[in-house]
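Residue numbering for the sequence shown is 71 to 175, as defined by our numbering. Here the structure is laid out as structure tokens; the discussion comes afterwards.
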Amino acid sequence: AELREASRKATEQEADLNRILSEKKIQEAEGASLRADVMRLKEELTAERNALGEEASKKDLALREISLKVAALEGQLKAAEAANAASVVRLDEQAKMSAADLAAC
């Protein structure tokens with residue numbers, strides 16, 4: 071009877087051990103799956119961050135190009151204004167000479 075009781079207990083312990091090992095394997099598989107999900111999400115986040123960085127760089131470059139064009143146009147405008155002012159002075163001088171020539175006649 072004692073031998074049967076010891077055998078029964080050993081069988082129960084073996085069943086418990088098998089159940090624990092089975093649960094451990096399931097948890098390890100779930101852990102591996104979670105790690106894979108985390109790695110995938112990290113990769114997606116990195117890709118998205120890189121794409122946003124590229125887009126921001128493109129926009130920054132476009133803004134720089136626009137700023138350079140604006141600066142060039144401002145320079146052209148100042149040059150045109152200076153040329154116009156010089157032309158007005160020259161025309162004013164010519165008008166004064168013409169008026170002096172008329173008065174001399």
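For every residue, glycine included, the Cβ atom is placed at its ideal position computed from N, Cα and C. It should be emphasised that the depicted structure is a prediction, and the values quoted were computed from it without experimental measurement.
Rounded to the nearest whole angstrom, the C-alpha separation of glycine 123 and leucine 147 is 36 Å.
DSSP places alanine 142 inside the alpha helix (DSSP H), whose first and last residues are 72–174. Between the alpha carbons of glycine 145 and arginine 160 lies a gap of roughly 22 Å.
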